[in-house]
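In UniProt numbering, the protein residues as written are 1 to 553.
Every residue, glycine too, gets a C-beta built ideally from N, C-alpha and C.
Written out below as structure tokens is the structure these notes cover.
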Amino acid sequence: MFAHKKIVAAKKAEREDRLNTVSSDYQGPITPAEKTILNLEASEVISKVQSGDVSAATVLHAYGKQTIAAQNHCNPVTEVMFGAPDRYADKLAAKAKSGPLAGFPVSLKDTANVPGYDSCMGYSALAFKPAKTKGAIIQILEDAGAVPFVKTNVPLTLLSFESYNDVWGNTENPHVAGYSSGGSTGGEAALLAYGGSRLGVGTDVAGSVRVPAHYSGIYSLKCTSGRFPKAGNNTSMPGQDGIPAVYSPMCRTLADLSFFTKVIIDMKPWNYDYTVTPLPWKEPELPAKLKIGLMATDTITPLSPACERALSMATEALRKQGHEIIEFVPPRAADALNIGTKLLTSDALKTCSKNIMWGGSNDNFVAYAKRWYSLPKFLKKIYVWWVRYVRKDPIWATLADAAELTGSEFWQYVYQRETYKAEFYSKYKESGIDYLITAPAATPAYPCYTGWSANAACLYTFLFNIVDYPAGIMPVTHVDKDKDQYPETFSLKKLNGVAKGVHRYYDPVKMHGLPVGVQVVGRRFDEEGVLAVMQKIYNGLEQMGQSYELLNA
Numbered sequence: 001m002f003a004h005k006k007i008v009a010a011k012k013a014e015r016e017d018r019l020n021t022v023s024s025d026y027q028g029p030i031t032p033a034e035k036t037i038l039n040l041e042a043s044e045v046i047s048k049v050q051s052g053d054v055s056a057a058t059v060l061h062a063y064g065k066q067t068i069a070a071q072n073h074c075n076p077v078t079e080v081m082f083g084a085p086d087r088y089a090d091k092l093a094a095k096a097k098s099g100p101l102a103g104f105p106v107s108l109k110d111t112a113n114v115p116g117y118d119s120c121m122g123y124s125a126l127a128f129k130p131a132k133t134k135g136a137i138i139q140i141l142e143d144a145g146a147v148p149f150v151k152t153n154v155p156l157t158l159l160s161f162e163s164y165n166d167v168w169g170n171t172e173n174p175h176v177a178g179y180s181s182g183g184s185t186g187g188e189a190a191l192l193a194y195g196g197s198r199l200g201v202g203t204d205v206a207g208s209v210r211v212p213a214h215y216s217g218i219y220s221l222k223c224t225s226g227r228f229p230k231a232g233n234n235t236s237m238p239g240q241d242g243i244p245a246v247y248s249p250m251c252r253t254l255a256d257l258s259f260f261t262k263v264i265i266d267m268k269p270w271n272y273d274y275t276v277t278p279l280p281w282k283e284p285e286l287p288a289k290l291k292i293g294l295m296a297t298d299t300i301t302p303l304s305p306a307c308e309r310a311l312s313m314a315t316e317a318l319r320k321q322g323h324e325i326i327e328f329v330p331p332r333a334a335d336a337l338n339i340g341t342k343l344l345t346s347d348a349l350k351t352c353s354k355n356i357m358w359g360g361s362n363d364n365f366v367a368y369a370k371r372w373y374s375l376p377k378f379l380k381k382i383y384v385w386w387v388r389y390v391r392k393d394p395i396w397a398t399l400a401d402a403a404e405l406t407g408s409e410f411w412q413y414v415y416q417r418e419t420y421k422a423e424f425y426s427k428y429k430e431s432g433i434d435y436l437i438t439a440p441a442a443t444p445a446y447p448c449y450t451g452w453s454a455n456a457a458c459l460y461t462f463l464f465n466i467v468d469y470p471a472g473i474m475p476v477t478h479v480d481k482d483k484d485q486y487p488e489t490f491s492l493k494k495l496n497g498v499a500k501g502v503h504r505y506y507d508p509v510k511m512h513g514l515p516v517g518v519q520v521v522g523r524r525f526d527e528e529g530v531l532a533v534m535q536k537i538y539n540g541l542e543q544m545g546q547s548y549e550l551l552n553a
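Written as structure tokens, this is what we have:
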């Protein structure tokens, strides 16, 4: 216990020291010139650096100041790599003049390996053990002329839709205090939303770049496995490949997201990373009239009024441009959730918990699940029987019927995953839809420290990890305390256990002002098309006078 507390205190002190000892260039209020830089799209700033109109150091100073302000506001930062001439980011900025990302700061999820800096992910056991090698994405960013400058917070274990741990503390939603910024890439989303960064990199295994984008009001794109570089970084679950994690871009605006994604793919990441498929960027050629599938429910957890309203706004924006919207219902949704959950937790969450030192606290969702795994088998069987036949909740009963998998059991779930992917592919194809639109989650951000109850309602994002389809998130509106009340007919008691776990926290009065997004999904390796459809929604909302308002714009 004492060793854990000592390491935590030392790591927090290191971060504070780095922030408190930044050079004078990073101190004082943001100047009008710096505000101009912060408000320009990344591509515009990069053009100015390439032409010599603005130095990379000046750009870094602007984003460094705003990052410090963000840290004081909602605590998104872990490793501070800027602030003095001898620090990593400042060294890069001093020489950055060319390349497709010339001189532009890029923020990173704490998992990304930068030599000389920890990737501890909130584990005290991994603190003060700096990376010795670069992740593939870091080398690509450097070669593109970018300036990776800060790392951002995550939940311990990387398996939650909120971002807190003993080492770094809790990252709150930058819009409404006391609410989650999302997870597991929540620090990144909060920093981007606050304006401390424009271009960021995260990972996604069940919604980890998408739920934070939805909660915090930014743009993200969960790529197909093999489209974006991932090798050489840290993880809480090495060897977990039942549901592969994917590195993916997260950005402040849609223009930034499209630009950044294209730049990384144009850098030919397959020459840096053995996991990347050699597939160059292709400009999408969309038909004049698209057929869009509307997944209005995952059939497990109904949407809250706020999320229904956002989805309605996005579909109306498409309809007004002449696109056809048809209903799409995912096949066997409860089976998909069970298959994905069993694969992701096949070791009974032992691997992601092994680096927790004595005296350290676990993520509350993982701790809750581990307590369940530790119960005697006969007690679990009694509970599952009671839930299935007395409470008449087969969805929750199936999820609760969980234990560490044997090798043969794991293979059976992999087989079920592949069978489900084939079934989903067939339904998608037979429906004739070009793309799919749905919500990123059933509700906006939930209150901090409630993931133990709310995280199971994850299929709106998790489904597209299971089938491995690209999915983009864009903010559409904010929670409105008057517009987004439950109808009088709503009954929490009538919901299944999964849905009840998240809807119990929905309160549009307390949530007023939280962002609400939508999710656009395409076929495998069609990231370009997904971005193009997101642009159509963006344009349609703009034409309707309903553009999303960024925080601190």
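L257 and Y219 do touch by the CB rule: their CB atoms are close to 4 Å apart, below 8 Å. For Y88 against G116, the beta-carbon gap comes to about 7 Å, under 8 Å, which counts as contact. The way I'd put it, the segment 373-384 doesn't touch the segment 187-201; fewer than three beta-carbon pairs between them come closer than 8 Å.
C-alpha of L141 to C-alpha of L108: approximately 11 Å in a straight line.
Between P269 and S374, the alpha-carbon positions lie close to 43 Å from each other.
Cβ-Cβ distances below 7 Å link G540 to A317, L318, K320, Q321 in the same chain, with the five nearest sequence neighbours on each side left out; the list follows chain order. A check of alpha carbon separations from L349 across E16, Q240, T111, K134 identifies Q240 as the nearest.
Runs of the alpha helix (DSSP H) lying entirely within the segment 393-459 and spanning at least 4 residues, in chain order: 394-400, 407-431, 451-454.
Beta bridge pairing from DSSP links H478 with P515. Sixteen is the threshold: since fewer than 16 other Cβ atoms of the shown chains lie within 10 Å of the Cβ of G28, the residue is exposed.
An exposed status is given to E285, since fewer than 16 other beta-carbon atoms sit within 10 Å of its beta-carbon. The DSSP-derived three-state label of E285 is coil.
At the C-beta level, L158 and S184 come within 7 Å of one another. In this structure, I395 lies near A334, with their beta-carbon atoms less than 7 Å apart. Counting along the chain, the unbroken beta strand (DSSP E) around K222 starts and ends at 219-222.
By the Cβ criterion, the segment 357-374 is not in contact with the segment 473-482, since fewer than three pairs of Cβ atoms, one from each stretch, lie closer than 8 Å. Within its own chain, the residues whose Cβ lies closer than 7 Å to the Cβ of V80, once the five positions on either side in sequence are excluded, are R15, R18, L19, V150, listed in chain order. Less than 7 Å separates the beta-carbon of V167 from that of S124. For C352, same chain residues with a beta-carbon under 6 Å away, outside a window of 5 residues either side, are T157, S236, M237 in chain order. The C-beta of E172 has 16 or more other C-beta atoms within 10 Å across all chains shown, which makes the residue buried.
Residue environment: Q71 is assigned as buried (16 or more neighbouring CB atoms within 10 Å of its CB, all protein chains considered).
Straight-line measurement puts the Cα of P278 at about 27 Å from the Cα of G340. Going by DSSP, F2 is part of the alpha helix (DSSP H) stretching over 2-20. Scanning the segment 181-249 for uninterrupted alpha helix (DSSP H) segments of 4 residues or longer gives 186-194, 210-216, listed from N- to C-terminal end.
For a cut-off of 8 Å, the C-beta gap from L60 to P32 is around 18 Å, too long to register as a contact. Excluding sequence positions up to five before and after P287, its CB lies within less than 8 Å of the CB of D434, all in the same chain and listed in chain order. The residue among K97, V516, R252, Y415 with its C-alpha nearest the C-alpha of G145 is K97. I473 is bridged by DSSP to S220, Q519. Between S304 and T443, the C-beta spacing is below 7 Å. According to the DSSP secondary-structure assignment, S107 is paired through a beta bridge with V150, G200. A Cβ-Cβ separation of about 7 Å places I265 in contact with P280 under the 8 Å criterion. Straight-line spacing of the CA atoms in C251 and F378 works out to 48 Å. CA-CA distance, F328 to Y538, rounds to 22 Å. With a cutoff of 7 Å on beta-carbon distance, A245 and T203 are scored as near each other.
Between V414 and A456, the CB-CB gap reaches or exceeds 7 Å. Of all C-beta pairs linking the segment 520-530 to the segment 222-232, three or more are shorter than 8 Å, placing the two stretches in contact.
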